[in-house]
Amino acid sequence: MIQATFHKIICLPDLLRMSQRRYTNGFFDLVREPIRQGAGLEIGYSPELPRPSSLLPGFDAGEFRSLTNVDTGHSDYFQQIASNYYTITPKAEEYLFQHIPENSLLLTFEIPPWMANACHSRGIDFISFSISPVRFSSDLYPAIRTSSENIYQRLREHIVPEEEIRLEAATLAANVRMHKHGLEQWRNYSFKDLNNSLIFLGQQHIDASLLAPGGISLRFNDYADAIRSLSHGKRILYKPHPFAQETEKKEIETLAEITGMQPELCQLNAYQLLSTYDNLELVGLSSGLLQEAKYFEKTAHTLFQPFIPLTDAKTHQPDKYLQIYFQTLLSPAFWHTVLAPQRSVPVTTRFPTASHNHAREIFDVWWDYSKVMTWERQLPLEIVLRGSETLKNRTQKSIPLGAK
Numbered sequence: 002m003i004q005a006t007f008h009k010i011i012c013l014p015d016l017l018r019m020s021q022r023r024y025t026n027g028f029f030d031l032v033r034e035p036i037r038q039g040a041g042l043e044i045g046y047s048p049e050l051p052r053p054s055s056l057l058p059g060f061d062a063g064e065f066r067s068l069t070n071v072d073t074g075h076s077d078y079f080q081q082i083a084s085n086y087y088t089i090t091p092k093a094e095e096y097l098f099q100h101i102p103e104n105s106l107l108l109t110f111e112i113p114p115w116m117a118n119a120c121h122s123r124g125i126d127f128i129s130f131s132i133s134p135v136r137f138s139s140d141l142y143p144a145i146r147t148s149s150e151n152i153y154q155r156l157r158e159h160i161v162p163e164e165e166i167r168l169e170a171a172t173l174a175a176n177v178r179m180h181k182h183g184l185e186q187w188r189n190y191s192f193k194d195l196n197n198s199l200i201f202l203g204q205q206h207i208d209a210s211l212l213a214p215g216g217i218s219l220r221f222n223d224y225a226d227a228i229r230s231l232s233h234g235k236r237i238l239y240k241p242h243p244f245a246q247e248t249e250k251k252e253i254e255t256l257a258e259i260t261g262m263q264p265e266l267c268q269l270n271a272y273q274l275l276s277t278y279d280n281l282e283l284v285g286l287s288s289g290l291l292q293e294a295k296y297f298e299k300t301a302h303t304l305f306q307p308f309i310p311l312t313d314a315k316t317h318q319p320d321k322y323l324q325i326y327f328q329t330l331l332s333p334a335f336w337h338t339v340l341a342p343q344r345s346v347p348v349t350t351r352f353p354t355a356s357h358n359h360a361r362e363i364f365d366v367w368w369d370y371s372k373v374m375t376w377e378r379q380l381p382l383e384i385v386l387r388g389s390e391t392l393k394n395r396t397q398k399s400i401p402l403g404a405k
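Per our numbering, residue 2 is the first one in the sequence shown, and the count goes up by one each step.
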């Protein structure tokens, strides 16, 4: 057997952000068998699991966290994460990297700056996974970032073409607009005119995408001057994050104080906004919706920075992610070409055809796409009505005679 470029592949999560374990270990589990078949390498498991890790013996995740002074059970856990997001203590970094074998490739998820910088300074390559912020296509796109120029160029052979993404956006926009017109025509439903509107996008405050160097979690008031300039002469609205409605009141108050105007609450979903013919603009700190806007010819203003910056550039961009198909991620031939092209071609080269929404169903991640599929639609409505009627009939039949 011809040896692959890397002798070891190590599954290494961000050991401080415990909230990401579902997706981190999910990606590791999904690629383990394709990498085994395609590159002839075992990738092991996360060092936090009761399964073999590819790290050198003796590594303990709890000991690593204690060296960073992070207490996962503490009430200010998020602030501790924020303080260790860009840099960690030298002792903690040394402890981790002394357990990484030579000639290793790290697999991780949404690699934090401290880990990326440490890998760079020590000459260790990594691949970082994420779910792309482009969420309107037929299925989710895995996004991949790498520090290796060779791997980057091999990944580029498998990227989703920009033209295809634009076709997906055009189809979804037509879908939403036709349904909107149907509601207006047949149900006399009236949608507000959003021309000349500036819509602020709320986010969860305990989100790594808002972390800046120095342990600061950014807010709208950190960009007051830019917001005042953008808001001049505009009608302003605020779209709350579905999982952060507790911050809605505070952020509306902040925007009112900055702009001198009272923001209206925006109840439309993401793709109703992006698909409208109205001339509106979006503004936010780092929301992925801002990255989707260009495909719908909408203007977006990113006050901070994208959390998962995307690229399709030919030149190596180690801080940015490339988008591939979910089916590609699961295919042995993909990992053969990316990690060990000198080996013989694997017996099974591709994953069987993935169904529509395959990745969405596996990760159970839908965002506002599910609203497009179910918003006042006949099929889901009939499923609910027929299901309710069937359940009612079964319940009635199961009640003993004479029972009240």
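A virtual CB, placed ideally from N, CA and C, is assigned to each residue, including glycine. All of these numbers come straight from a predicted model, not from anything done at the bench.
Expressed to the nearest angstrom, what Euclidean distance is found between the alpha-carbon atoms of F29 and I44?
-> In the sequence shown, counting from the first residue as 1, residue 29 sits at position 28. In the sequence shown, counting from the first residue as 1, residue 44 sits at position 43. When rounded, the distance between both Cα atoms is 8 Å.
Express the C-alpha separation of A62 and M19 in angstroms, rounding to a whole number. For the purposes of this step, residue 19 is identified with residue 18 of the sequence shown, where counting begins at 1. For the purposes of this step, residue 62 is identified with residue 61 of the sequence shown, where counting begins at 1. The alpha-carbon atoms of M19 and A62 are separated by roughly 11 Å.
query: So what does T147 bridge to, in DSSP terms?
result: Taking the sequence shown and counting its residues from 1, one reaches residue 147 at position 146. According to DSSP, T147 bridges with I128.
Do Q292 and H242 count as a contact pair if the criterion is CB distance below 8 Å?
Position 241 of the sequence shown, counting from 1, holds the residue named residue 242. Position 291 of the sequence shown, counting from 1, holds the residue named residue 292. It is not a contact, given that the beta carbons lie outside the stated cut-off.
Name, in chain order, the residues that DSSP records as bridge partners for T300. Sequence index remark: in the sequence shown, residue 300 carries index 299 (1-based). The partner list for T300 (beta bridge, DSSP) reads E282.
Exercise. Should V346 go down as buried or exposed, given a rule of 16 or more other Cβ atoms within 10 Å for buried?
Worked result: Locating residue 346 in the sequence shown gives position 345, where the first residue counts as 1. By the neighbour-count rule (16 or more Cβ atoms within 10 Å), V346 is not buried but exposed.
Exercise. If we ignore side chains and look at the alpha-carbon of each, how far apart do R146 and Y153 end up?
Worked result: On the sequence shown, residue 146 is found 145 positions in, with the first residue counted as 1. On the sequence shown, residue 153 is found 152 positions in, with the first residue counted as 1. Looking at the two C-alpha atoms, the distance is approximately 8 Å.
task: Keeping to the same chain, check which residues put their C-beta closer than 6 Å to that of P48; ignore five residues upstream and five downstream.
output: Against the sequence shown, residue 48 aligns to sequence position 47. Taken in chain order, the residues that qualify are S54, L56, F60, A62.
(message) Would Q328 pass as an interface residue toward chain B - the criterion being a Cβ-Cβ separation below 8 Å?
(response) Here there is only one protein chain, and chain B is not present.
- Query: Just how far apart, CA to CA, sit Y278 and Y370?
  - Reply: Stepping through the sequence shown from its first residue, residue 278 is reached at position 277. Stepping through the sequence shown from its first residue, residue 370 is reached at position 369. Pairing Y278 with Y370, the inter-Cα distance amounts to about 19 Å.
| message | Within a Cβ cutoff of 6 Å, which residues of the same chain sit near P1, ignoring the five residues on either side of it in sequence? | response | Here the chain has residues from 2 to 405 only, and residue 1 is not among them.
Once the 5 residues before and after H359 are set aside, which same chain residues still bring their CB inside 7 Å of it?
Within the sequence shown, residue 359 is the residue found at index 358, counting from 1. Once the five neighbours on either side are set aside, the close Cβ partners of H359 are D140, F327.
Point to revise | Euclidean distance between Cα positions of I274 and F297 | key: Looking up residue 274 in the sequence shown gives position 273. Looking up residue 297 in the sequence shown gives position 296. In the sequence as presented, Ile is not what sits at residue 274; that position holds Leu. For L274 and F297, the distance between alpha carbons rounds to 10 Å.
Query - N- and C-terminal bounds of the beta strand (DSSP E) containing Y322 - result: Here residue 322 refers to the residue found at position 321 when the sequence shown is read from its first residue. Y322 -> no beta strand (DSSP E), and no H or E assigned at all.
Next item on the list: May I ask you to verify whether the segment 111-124 touches the segment 79-97, counting CB pairs closer than 8 Å and requiring at least 3?
Entry: Between the segment 111-124 and the segment 79-97, the count of C-beta pairs closer than 8 Å reaches three or more; the two stretches touch.
Check: For Y96, does the three-state DSSP call read helix, strand or coil?
Finding: Locating residue 96 in the sequence shown gives position 95, where the first residue counts as 1. DSSP places Y96 in helix when its eight states are reduced to three.
- Query: Roughly how many whole angstroms lie between the Cα atoms of Q379 and I228?
  - Reply: Sequence index remark: in the sequence shown, residue 379 carries index 378 (1-based). Sequence index remark: in the sequence shown, residue 228 carries index 227 (1-based). Cα-Cα distance, rounded: 41 Å.
Item to check | Close beta carbons around T312, own chain, < 8 Å, minus the five adjacent residues each side | outcome: As a working mapping, residue 312 is identified with position 311 in the sequence shown. For T312, where only same-chain residues beyond five positions count, the Cβ hits under 8 Å are Q318, K321, Y322, L323.
inquiry  = Give me the residue from L184, F201, I259, P114 with the minimum Cα distance to I309.
reply    = The residue you call residue 309 lines up with position 308 of the sequence shown. Of the listed residues, the one whose Cα sits closest to I309 is P114.
_So, at 8 Å on beta carbons, what are the nonlocal neighbours of E158 in its own chain, with the 5 sequence-adjacent residues on each side left out?_
Your numbering for residue 158 matches position 157 in the sequence shown. Hits under 8 Å: T338.
- request: Return the CA-CA distance between L16 and A213, expressed in angstroms with no decimal places.
  value: The residue labelled residue 16 in the question sits at position 15 within the sequence shown. The residue labelled residue 213 in the question sits at position 212 within the sequence shown. In this structure, the CA atom of L16 is about 19 Å from the CA atom of A213.
Per-residue burial, K240 [other beta carbons within 10 Å of its own, 16 or more giving buried]: By one-based count along the sequence shown, residue 240 stands at place 239. Around the CB of K240, 16 or more other CB atoms lie within 10 Å, so the residue is classed as buried.
Quick one: what does DSSP say C120 is sitting in, helix, strand or coil? Working through the sequence shown from its first residue, we reach residue 120 at position 119. Three-state result, C120: helix.
Worksheet entry | Stretch-stretch touch, CB-based, cutoff 8 Å, three pairs: the segment 251-262 with the segment 279-286 | Verdict: no, contact absent.
| said: Please list the terminal residues of the continuous alpha helix (DSSP H) segment that includes I166. | reply: Start at 1 with the first residue of the sequence shown, and residue 166 comes out as number 165. Residues 163-187.
**Item:** Alpha-carbon spacing of L231 relative to F130, whole angstroms
**Value:** Residue numbering aside, residue 231 sits at position 230 when the sequence shown is read from its first letter. Residue numbering aside, residue 130 sits at position 129 when the sequence shown is read from its first letter. Answer to the nearest angstrom: the Cα atoms are 34 Å apart.
**Asked** Excluding the five sequence neighbours on either side, which residues of its own chain have a C-beta within less than 6 Å of the C-beta of S276, listed in chain order?
**Response** Position 275 of the sequence shown, counting from 1, holds the residue named residue 276. Closer than 6 Å at the Cβ level, and outside the excluded window around S276, lie A174, V177, R178.
(Q) With a threshold of 6 Å on Cβ separation, who are the neighbours of D126 within its own chain once the five nearest residues in sequence on each side are excluded? (A) In the sequence shown, the residue the question calls residue 126 occupies position 125. Excluding sequence neighbours, D126 sits near L106, S148, S149.
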